[in-house]
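Numbering (this note's numbering), first residue to last: -10 to 458.
Idealized CB from N, CA, C, for every residue including glycine.
The structure appears below as structure tokens.
Structure follows, in structure tokens:
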């Protein structure tokens, strides 16, 4: 069978899988048993995602055979160092409480107080206490919004295009941002429920109902809230709106992104068919299970580590499924060819020098601005030039350690230093997720193991003709 259709292409996310267990109108042409996705799209996660100790997983589903490498001491595995051994830092929060006077975004404060707290509470003016409580809530909710990719005090391009406010700038926009952040934080305080508009409105004054409507609709349609594998979420997500038919869509690829896109499109009223070239769903999410003698083990062949749990949608899925997350250690000792560890002082000195070289390159790039784009050079060339000018790592051992950092940078960017652009090599940094790097004991296939069979097409697609322009 041949078909000519426009593509709704959705590439695989490198660190993930997907799940679900309901029959829907989502159709699969190949493989013979492609399964319904239960992961809704987009960035979402929480700054409070639990990182649990390494332990035995329990799972349901007949096809799942958990092969946990329990005998392996995973605490000894070093975390891949990126160019700086530190977690992503959030920018300093800008308090916007003054811009939202009259907006009742208020959380109930804990009833547990110390004697000192009570004395201070009794001495304070009630209005001052209320202002501090609102300001604190806004800061926390703002940090949560930052963790999922929103700016703390401005709109995203998507929000501007969606006309979430009538006028850009001013009090309405500031109030909208507070409402948006509140809704994000409200859902992620309990990701097992379907957050309704009425619930989102409970803590907001009625005069701001229009802002709640605008923020709730945007976050829901773009998949920032009400996503995942919780029963309440699945039930609502797989029910297309009645009387709404927005057209037919073909999604090419049954990796996580393709299945996520398909589910969201169904929720928005589209009829969806997913085409997959492999005989299985999941894309790069595949765990190889191995055994020999009395030993069993599992290794992820594609995505394995969740690189930053804050804002990572897979962190939300892990919470919903009750999966423990095992933190990858921050410590990364380096060893010499003779098997001895590198002197800590030399290690620290070379790492500092390496980071300073990168800073020099970044400052050069900033000073050149537009000129740099026209005279771009490989990052490796620029770093070597600065190394020679500042006489960095002239000692053979220090040069060997510096080469390790360069190789690690190549690993992080999946290409050689000679192929990296001095201007654009770190352009994805703003999209990195903060928090610990973790993995799921047993492999990321556990996400995909929760698929259930869905309706399959009777014929396979052998060829796809791109639509000619």
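A Cβ-Cβ distance of about 2 Å is found for the pair residue 244 and residue 272, placing them in contact under the 8 Å criterion. A residue is called buried when at least 16 other Cβ atoms come within 10 angstroms of its Cβ; residue 282 does not meet this threshold and is exposed. The Cβ atoms of residue 371 and residue 411 lie closer than 8 Å to each other.
With a contact defined as Cβ atoms closer than 8 Å, residue 415 and residue 309 miss out at about 33 Å.
Between residue 348 and residue 139, the alpha-carbon positions lie close to 26 Å from each other.
In this model, residue 394 and residue 277 are separated by some 30 Å (Cα to Cα).
Residues 174 of the same chain have their beta carbon placed closer than 8 Å to that of residue 129, with the five preceding and five following residues left out of the count. With contacts defined by Cβ atoms closer than 8 Å, residue 151 and residue 141 do not form a contacting pair. Setting aside the 5 residues that flank it on each side, residue 350 is surrounded in the same chain by 368, 371, 372, 375, 411, each with a C-beta closer than 8 Å to its C-beta; the list follows chain order.
By the criterion of a C-beta distance shorter than 6 Å, residue 342 is surrounded in its chain by 381, once the five residues flanking it on both sides are discounted. Take the alpha-carbon of residue 263 and the one of residue 205: they are about 28 Å apart.
In this structure, 334 is the residue among 234, 186, 334, 209 with its C-alpha nearest to the C-alpha of residue 386. Shown here, residue 330 sits in a strand according to DSSP, grouped into three states. Distance from residue 155 to residue 161 at the Cβ level is roughly 7 Å; contact confirmed, criterion being Cβ atoms closer than 8 Å. Under DSSP, the beta-bridge partners assigned to residue 239 are 262. For residue 127 against residue 172, the beta-carbon gap comes to about 13 Å, at or over 8 Å, which does not count as contact. Measuring C-alpha to C-alpha distances from residue 431 to each of 319, 397, 240, 274 identifies 274 as the nearest.
In this structure, 193 is the residue among 193, 184, 391, 178 with its C-alpha nearest to the C-alpha of residue 165.
DSSP assignment within the stretch 132 to 163 yields the following whole alpha helix (DSSP H) runs of 4 residues or more, N-terminal first: 146 to 150.
For residue 281, DSSP records a beta bridge to 284. At a Cβ-Cβ threshold of 8 Å, residue 314 and residue 429 count as neighbours. Taking the CA atoms as reference points, residue 248 sits about 8 Å from residue 242.
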